[in-house]
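Protein chains in written order, with the numbering used here: chain X, 474 to 775; chain H, 5 to 391.
Right under this line is the structure:
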């Protein structure tokens, strides 16, 4: 029996923080902790969620929580898990919440090490597609075309020139026990994945898209809508990796137009029709690959 | 039980006796033997510990911090570039007041690449907030491993501990070492108890941010913790002597300094040769002595001033250079003397860099140059003088 909105823990574990209005990352952290419960140790590296949640004396986690070094989310989780197990404590969840830069850039080595050792931890990457905490700089999960403060959109260069790194398959290539992608616009799916991960022994990884109104240039009440749209236009895929197999969770019958998704955000406003066509083409190539390699059961619903 | 052990092996025996619960380490010459022995002890079950094969030194210490933050006794070991690679985590461990113990095999820092011993790695990180001790021999290495947890975990201290062993000269040299029994070790070292941990019965937020209004207070408390180690080191050594019969002398060791006119100050394994030289020169009637710095953080200001109070001149022999100035030990010693109002001439001899051999004749020369009672900084073996 999966946790639903009705059965979700009413206690708040991440409360009183100073995240921006409409913050997708804080929604992911809040919901994940409600699923995982009070016997959770949360590790957060430098990034938005630690910056908004740990300002002495205003400390915002009611479960055990600690900031790690920027590169050290996974390695600190390893130490916490090992340290508790060494004391005979086994009924707990060790969860990390790291941003896209903290995961796909500076934290990738430590994450790879933890998966290699198959440490019993859950690593959640809340992906707002740039270093938002430091003021919207490009990370390796910033999508093609996006304007950031280090990939300006000018006459010569039109934003970020490189596509988003495929963290999900990088992690899966380690033959991890469980990996999933998620999206704050599909919370039921996210809750199911967190709950499922919490019951699997070994390393688990969930990559959740978490829009940032400040960095994306959208109104703060459109976080959830824009999150849904990225899935519906096919630019983000909801999937799982388990027992050596990729599984697609959701396939929109007809993709909505990515141009509509892109043009709502000021970070993409400079894109030309040609740029948008580049994005659509790469989307279609990706879906060709997914349809070939990911299992999909039409009957299963999100 | 007496065993024939290298410095690395002796330290590993100390860590086994300390019943360390989590060990995370990444290999680097000349540290490797200590973690190889520990992994064997975990395999043969003489040590009940989680051995974590981390993928870097940064992760080694980050993992140890995680373990310490849930109240487990944690250990790591490294050397040289590895120590520098984990530098970010060093300040993290001390700022978070996590009493982790690390063995550092003192080794030269690149460039040029060099695997042999000097102390530029640890001395360049003096300001990281770690207690820094320097062993002279394998027995002291084992004993330091045991006492380090007593000192580091003491509630008034709560500060991480770096035990330094000279690369190869100490880490790989075999000596007969007295290995205590588990019962003796347990008598010295209680189970690790701390309130500074993530705890399910009393959840906490740790390693938080503190703005300008609180930051200085946290840093001041960190400083006080380090200063508190001075008394706790004495307490640990007193207790150690009662149980094990071996005596240590706190932050420094004075060897024939009481009536000495000329005193050589040094640290680490080279002290053995200096001690022999003192004996040799004393046979000729020279009033010379050795002041060995066993700890350099907390710094033995008073002990140095006391030892040098009646001396005519002194010199520092150190395997370190702070480019553009002088050896860091020398800088610290001069500060101690200035605060005590002592004005004797003190010279700085920088030697042993990258494993350079320091012969007894060099030490004899240093003592004879002290008699000239002038002050200089010299790079041994290069013909070069500094300021």
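Ideal placement from N, C-alpha and C gives every residue a C-beta, glycine not left out. Here the structure is a predicted model, which means the values were calculated and not measured.
Under 7 Å between C-beta atoms of residue i and residue j
| i | j | result |
| --- | --- | --- |
| residue 721 (chain X) | residue 767 (chain X) | yes |
| residue 202 (chain H) | residue 514 (chain X) | yes |
| residue 307 (chain H) | residue 348 (chain H) | no |
| residue 574 (chain X) | residue 66 (chain H) | no |
| residue 494 (chain X) | residue 681 (chain X) | no |
| residue 295 (chain H) | residue 319 (chain H) | no |
| residue 183 (chain H) | residue 17 (chain H) | yes |
| residue 58 (chain H) | residue 30 (chain H) | yes |
| residue 167 (chain H) | residue 107 (chain H) | yes |
Three-state class that DSSP yields for residue i in the structure shown
| i | result |
| --- | --- |
| residue 743 (chain X) | coil |
| residue 213 (chain H) | strand |
| residue 598 (chain X) | strand |
| residue 106 (chain H) | strand |
| residue 179 (chain H) | strand |
| residue 94 (chain H) | helix |
| residue 101 (chain H) | coil |
| residue 136 (chain H) | strand |
| residue 611 (chain X) | coil |
| residue 293 (chain H) | strand |
| residue 718 (chain X) | strand |
Closer than 7 Å to chain H by CB, residue i
| i | result |
| --- | --- |
| residue 522 (chain X) | no |
| residue 532 (chain X) | yes |
| residue 540 (chain X) | yes |
| residue 556 (chain X) | yes |
| residue 514 (chain X) | yes |
| residue 640 (chain X) | no |
Cβ of residue i within 7 Å of any chain X Cβ
| i | result |
| --- | --- |
| residue 202 (chain H) | yes |
| residue 62 (chain H) | yes |
| residue 85 (chain H) | no |
| residue 288 (chain H) | no |
| residue 67 (chain H) | yes |
| residue 70 (chain H) | yes |
| residue 95 (chain H) | no |
| residue 218 (chain H) | yes |
| residue 168 (chain H) | no |
| residue 105 (chain H) | no |
| residue 211 (chain H) | yes |
| residue 59 (chain H) | yes |
| residue 73 (chain H) | yes |
| residue 92 (chain H) | yes |
| residue 236 (chain H) | no |
| residue 46 (chain H) | no |
| residue 26 (chain H) | yes |
| residue 318 (chain H) | no |
Rounded straight-line distance, which links the Cα of residue j to that of residue i
| i | j | result |
| --- | --- | --- |
| residue 634 (chain X) | residue 600 (chain X) | 19 Å |
| residue 9 (chain H) | residue 675 (chain X) | 38 Å |
| residue 715 (chain X) | residue 554 (chain X) | 22 Å |
| residue 81 (chain H) | residue 169 (chain H) | 11 Å |
| residue 53 (chain H) | residue 34 (chain H) | 23 Å |
| residue 591 (chain X) | residue 644 (chain X) | 12 Å |
| residue 284 (chain H) | residue 151 (chain H) | 33 Å |
| residue 350 (chain H) | residue 195 (chain H) | 45 Å |
| residue 446 (chain X) | residue 300 (chain H) | Lying outside 474 to 775, the shown extent of chain X, residue 446 (chain X) is not represented and no answer is given. |
| residue 670 (chain X) | residue 360 (chain H) | 55 Å |
| residue 357 (chain H) | residue 109 (chain H) | 14 Å |
| residue 758 (chain X) | residue 747 (chain X) | 17 Å |
| residue 149 (chain H) | residue 42 (chain H) | 13 Å |
| residue 98 (chain H) | residue 527 (chain X) | 18 Å |
| residue 607 (chain X) | residue 220 (chain H) | 24 Å |
| residue 614 (chain X) | residue 218 (chain H) | 35 Å |
| residue 717 (chain X) | residue 648 (chain X) | 7 Å |
| residue 701 (chain X) | residue 164 (chain H) | 48 Å |
| residue 707 (chain X) | residue 576 (chain X) | 23 Å |
| residue 395 (chain H) | residue 559 (chain X) | Residue 395 (chain H) lies beyond the stretch modelled for chain H, which goes from 5 to 391, so this question has no answer here. |
| residue 20 (chain H) | residue 49 (chain H) | 10 Å |
Residue interval of the alpha helix (DSSP H) (run including residue i)
| i | result |
| --- | --- |
| residue 669 (chain X) | 660 to 671 |
| residue 488 (chain X) | Careful: residue 488 (chain X) lies outside any alpha helix (DSSP H) and carries neither H nor E. |
| residue 309 (chain H) | 305 to 312 |
Where the beta strand (DSSP E) containing residue i begins and where it ends
| i | result |
| --- | --- |
| residue 392 (chain H) | Here chain H covers residues 5 to 391 and nothing more, so residue 392 (chain H) does not appear. |
| residue 348 (chain H) | Unbroken run through residue 348 (chain H): none, as it is neither H nor E. |
| residue 681 (chain X) | 677 to 682 |
| residue 170 (chain H) | 165 to 170 |
7 Å Cβ cut-off: residues of chain A touching residue i
| i | result |
| --- | --- |
| residue 207 (chain H) | Within the model displayed, chain A is absent; protein chains X and H are what it includes. |
Residue i CB to nearest heavy atom of the ligand SAH below 6 Å
| i | result |
| --- | --- |
| residue 759 (chain X) | By its list of ligands, the structure shown contains no ligand whatsoever, and the ligand SAH lies outside what it can speak to. |
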